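Notes follow once the structure below has been shown.
Number of protein chains: 2
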Amino acid sequence: MTALARIPRATKRDQLIDTALRLFAAGGYHAVGIDTVIATAGIAKQTLYTHFPSKNALIAEVLRERDRRFRASLEAFVDPHEEPLARLEAVFTWHRQWFEEPGFAGCMFNNAAAEFHGEVAELQMLAREHKQALERYLAGLLAPLVAQGNAAALAAEFNLLLDGAIGVALVSGDAKAAERAWCMGRRLLGLKLAT
Amino acid sequence: MTALARIPRATKRDQLIDTALRLFAAGGYHAVGIDTVIATAGIAKQTLYTHFPSKNALIAEVLRERDRRFRASLEAFVDPHEEPLARLEAVFTWHRQWFEEPGFAGCMFNNAAAEFHGEVAELQMLAREHKQALERYLAGLLAPLVAQGNAAALAAEFNLLLDGAIGVALVSGDAKAAERAWCMGRRLLGLKLAT
DNA sequence: GTGATAGTGTACAGATCTGTCTATTTTTGG
DNA sequence: CCAAAAATAGACAGATCTGTACACTATCAC
Numbered sequence: 006m007t008a009l010a011r012i013p014r015a016t017k018r019d020q021l022i023d024t025a026l027r028l029f030a031a032g033g034y035h036a037v038g039i040d041t042v043i044a045t046a047g048i049a050k051q052t053l054y055t056h057f058p059s060k061n062a063l064i065a066e067v068l069r070e071r072d073r074r075f076r077a078s079l080e081a082f083v084d085p086h087e088e089p090l091a092r093l094e095a096v097f098t099w100h101r102q103w104f105e106e107p108g109f110a111g112c113m114f115n116n117a118a119a120e121f122h123g124e125v126a127e128l129q130m131l132a133r134e135h136k137q138a139l140e141r142y143l144a145g146l147l148a149p150l151v152a153q154g155n156a157a158a159l160a161a162e163f164n165l166l167l168d169g170a171i172g173v174a175l176v177s178g179d180a181k182a183a184e185r186a187w188c189m190g191r192r193l194l195g196l197k198l199a200t
Numbered sequence: 006m007t008a009l010a011r012i013p014r015a016t017k018r019d020q021l022i023d024t025a026l027r028l029f030a031a032g033g034y035h036a037v038g039i040d041t042v043i044a045t046a047g048i049a050k051q052t053l054y055t056h057f058p059s060k061n062a063l064i065a066e067v068l069r070e071r072d073r074r075f076r077a078s079l080e081a082f083v084d085p086h087e088e089p090l091a092r093l094e095a096v097f098t099w100h101r102q103w104f105e106e107p108g109f110a111g112c113m114f115n116n117a118a119a120e121f122h123g124e125v126a127e128l129q130m131l132a133r134e135h136k137q138a139l140e141r142y143l144a145g146l147l148a149p150l151v152a153q154g155n156a157a158a159l160a161a162e163f164n165l166l167l168d169g170a171i172g173v174a175l176v177s178g179d180a181k182a183a184e185r186a187w188c189m190g191r192r193l194l195g196l197k198l199a200t
């Protein structure tokens with residue numbers, strides 16, 4: 006049976022990204038060193054450097070992977086809902102559950118922006134793209150709820166609400182920030198609907 | 006004339022805090038080393054370590070100083086306004102101007118929470134206290150605008166709006182996030198007033 | 001002036017960091 | 001089975017980091 010051998014079983018590269026993602030998410034980018042990553046992953050240092058030219062390149066791949074997982078997880082959580090309003094609410098519920106995870110340490114993109122501001126342009130760009138993608142997704146959820154042409158502006162506002170909730174949840178450790186943000190969003194939405 | 010000599014002229018301790026504040030704000034806490042701080046301040050390393058037991062202690066003092074300056078600057082900006090609504094709006098205008106400053110690199114407390122999450126409890130606490138103080142200040146500004154008992158809840162929401170604006174401004178480089186947040190806040194306020 | 005205090009410069013210890021090099025072993029494709 | 005590719009362990013270079021030690025000097029109060 007070559008079947009077991011055939012399945013790449015997760016390449017070393019993917020293992021490294023997965024391990025680094027967890028470590029960077031929990032400990033920050035500067036504070037977690039390459040040695041910690043390879044020791045945790047159980048992979049030789051040279052292997053890391055054959056797959057990634059530098060630590061920053063690894064961080065960039067980690068952020069790309071985080072973006073994929075974030076989208077997949079959020080969309081999988083939203084999709085079962087059919088009602089447009091329920092779908093939008095699910096975004097906030099998803100955030101609430103995220104905030105309640107034991108190792109929650111904020112948004113990896115916000116944190117990267119904080120640590121590498123003006124220093125590593127690529128990471129800054131990845132963070133920006135992540136937020137833009139989220140805003141587009143929000144616009145799609147908002148479209149069936151508001152008048153034509155209002156979705157884009159409201160998506161930017163909802164994006165701001167989510168970023169605010171993340172900040173409050175991180176600094177004050179208050180997972181209810183997600184609910185507060187949804188409460189605000191619903192009222193803003195109601196106002197928009199009434200108009 | 007001993008007058009010149011009498012004025013401590015800014016103690017070495019204060020010079021160090023001032024220099025470290027600017028450097029940490031722009032470059033982050035891990036990325037900026039002690040050597041950079043003393044070289045920029047033009048002060049011997051031993052002097053730093055006679056005033057502060059460790060780098061983290063220096064960071065803590067920097068955050069305390071940042072909190073003082075933040076409050077003083079914000080209150081000085083708000084105070085000339087008399088109308089309650091204008092006073093509240095001034096908070097957002099102040100943030101907009103902050104976002105537009107050349108070296109804007111986010112909120113030092115949010116950034117500290119991101120870099121030292123779960124690692125240095127004192128810094129986490131300072132960040133939390135800073136946000137709590139801001140929320141109390143917002144509650145004071147909101148009190149004359151809303152029904153008794155609503156100010157506290159709305160202050161938490163406005164605090165979330167400001168955090169959201171900071172996040173958006175940092176990641177997306179969009180200083181207009183402050184205006185967007187105010188636009189949202191005003192609508193939430195209007196809704197509250199109407200009720 | 002004089003003694004106490006504060007600051008300076010520099011070297012250094014010890015740790016840690018990124019990234020490289022090399023020799024060896026494991027895995028894999030054909 | 002065998003050659004090519006991938007991964008390994010570990011030493012190492014060179015930089016940087018925090019924090020300490022020490023001898024020297026300026027400043028200040030009296």
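Quick mapping for you: the protein sequence lines, in order, are chains A and B.
Going by the numbering used here, the first sequence runs without a break in its numbering and finishes at 200.
Going by the numbering used here, the second sequence runs without a break in its numbering and finishes at 200.
We put the beta carbon where it would ideally sit given N, CA and C, even for glycine.
All values reported here derive from a predicted model rather than from experimental measurement.
> Smallest Cα separation from residue 24 of chain A: which of A/44, A/35, A/36?
Replying inline: Ranking A/44, A/35, A/36 by Cα distance to residue 24 of chain A puts A/44 first.
>> Does chain B have any CB closer than 8 Å to the CB of residue 120 of chain A?
In response: Cβ-Cβ to chain B under 8 Å: yes for residue 120 of chain A.
> Hey, is residue 164 of chain A's beta-carbon within less than 8 Å of any beta-carbon in chain B?
Replying inline: Closer than 8 Å: yes.
> Between the region 127-137 of chain B and the region 49-66 of chain A, do three or more beta carbon pairs fall short of 8 Å?
Replying inline: The region 49-66 of chain A and the region 127-137 of chain B do not touch, with fewer than three beta-carbon pairs separated by less than 8 Å.
> According to DSSP, is residue 78 of chain B helix, strand or coil?
Replying inline: In the three-state reduction of the DSSP assignment, residue 78 of chain B falls in the helix class.
> Going along the chain, which residues of the region 22-39 of chain A sit with their C-beta nearer than 7 Å to a C-beta in chain B?
Replying inline: In summary, the residues of the region 22-39 of chain A whose CB is separated from some CB of chain B by less than 7 Å are 33, 35, 36, in the order they occur in the chain.
>> Using C-beta distances below 6 Å, list every residue in its chain close to residue 108 of chain A, excluding the 5 sequence neighbours before and after it, in chain order.
In response: Contacts found: 31.
> Are residue 170 of chain B and residue 165 of chain A touching if we call contact CB-CB under 8 Å?
Replying inline: Yes. Within cutoff.
> Which first and last residues belong to the alpha helix (DSSP H) in which residue 24 of chain A is found?
Replying inline: Residue 24 of chain A -> alpha helix (DSSP H) spans 17-32.
> What distance in whole Å lies between the Cβ atoms of residue 28 of chain B and residue 89 of chain B, which are believed to be in contact at a cut-off of 8 Å?
Replying inline: The pair is not a contact, with the Cβ atoms about 38 Å apart (cut-off 8 Å).
> Just the Cα atoms here: how many angstroms apart are residue 6 of chain A and residue 15 of chain A?
Replying inline: Model confidence at residue 6 of chain A stands at a pLDDT of 35, short of 50, so the residue's coordinates are unreliable and nothing is read from them.
>> Against residue 170 of chain B, what residues of chain A qualify as contacts under a CB-to-CB distance less than 7 Å, listed in chain order?
In response: Chain A residues near residue 170 of chain B: 165.
> Along chain B, which residues have their Cβ under 8 Å away from the Cβ of residue 177 of chain A?
Replying inline: Within 8 Å Cβ-Cβ: 133, 136, 137.
>> Please classify residue 183 of chain B as buried or exposed, where buried requires at least 16 other C-beta atoms within 10 Å of its C-beta.
In response: Per the 10 Å Cβ criterion, buried.
> Is the CB-CB distance between residue 167 of chain A and residue 86 of chain A below 8 Å?
Replying inline: Cβ atoms of residue 167 of chain A and residue 86 of chain A: not closer than 8 Å.
> At what residue ranges does the region 74-138 of chain B contain a whole run of the beta strand (DSSP E), taking only runs of 3 or more?
Replying inline: Segments of the beta strand (DSSP E) lying fully in the region 74-138 of chain B: there are none.
> In angstroms, rounded to a whole number, what distance separates the CA positions of residue 56 of chain A and residue 69 of chain A?
Replying inline: Going from the Cα of residue 56 of chain A to the Cα of residue 69 of chain A covers about 15 Å.
> Where does residue 215 of chain A fall in DSSP's three states?
Replying inline: Residue 215 of chain A is absent from the structure shown; chain A starts at 6 and stops at 200.
> What did DSSP end up calling residue 213 of chain A once you bin it into helix, strand or coil?
Replying inline: There is no way to answer for residue 213 of chain A, as the model of chain A reaches only from 6 to 200.
> Which same chain residues, not among the five before or five after residue 20 of chain A, have their C-beta less than 7 Å away from its C-beta?
Replying inline: Taken in chain order, the residues that qualify are 46, 48.
> Any Cβ of chain B within less than 8 Å of the Cβ of residue 141 of chain A?
Replying inline: No, no contact with chain B.
> Near residue 186 of chain B, which residues of its chain fall below 8 Å by C-beta distance, leaving aside the five closest residues on each side in sequence?
Replying inline: Excluding residues within five positions, the ones whose Cβ falls inside 8 Å are 97, 100, 166, 167, 169, 170.
>> What would DSSP say about residue 67 of chain B, mapped onto helix, strand or coil?
In response: Here residue 67 of chain B sits in helix by DSSP.
>> Quick check on the DSSP output: the alpha helix (DSSP H) that includes residue 51 of chain B runs from which residue to which?
In response: Residues 50-56.
>> Within 8 Å of any Cβ in chain B, is that where the Cβ of residue 194 of chain A sits?
In response: Answer no: the Cβ-Cβ gap between residue 194 of chain A and chain B never drops below 8 Å.
>> Below 8 Å on the Cβ atoms is my contact criterion, and I expect residue 128 of chain A with residue 64 of chain A to pass it. Report the Cβ-Cβ distance as a whole number of Å.
In response: The beta-carbon distance between residue 128 of chain A and residue 64 of chain A, rounded to whole angstroms, is 6 Å. This is short enough to meet the 8 Å contact definition.
>> Using only the alpha-carbon positions, how far apart do residue 159 of chain A and residue 144 of chain A sit?
In response: Distance between the alpha carbons of residue 159 of chain A and residue 144 of chain A is about 7 Å.
> Using the beta-carbon count (16 or more within 10 Å), is residue 123 of chain B buried or exposed?
Replying inline: When all chains shown are included, residue 123 of chain B counts as exposed.
> Which residues, in chain order, does the region 75-94 of chain B contribute to contact with chain A at a C-beta distance below 7 Å?
Replying inline: Across the region 75-94 of chain B, no CB contact with chain A closer than 7 Å is found for any residue.
> What residue range is occupied by the uninterrupted alpha helix (DSSP H) comprising residue 168 of chain B?
Replying inline: Bounds of the alpha helix (DSSP H) holding residue 168 of chain B are 156-177.
>> For residue 200 of chain A, which residues in the same chain have their Cβ closer than 7 Å to its Cβ, ignoring the five residues on either side in sequence?
In response: Low local confidence applies: a pLDDT of 48 at residue 200 of chain A is under 50, so the model's placement there is unreliable, and no value is given.
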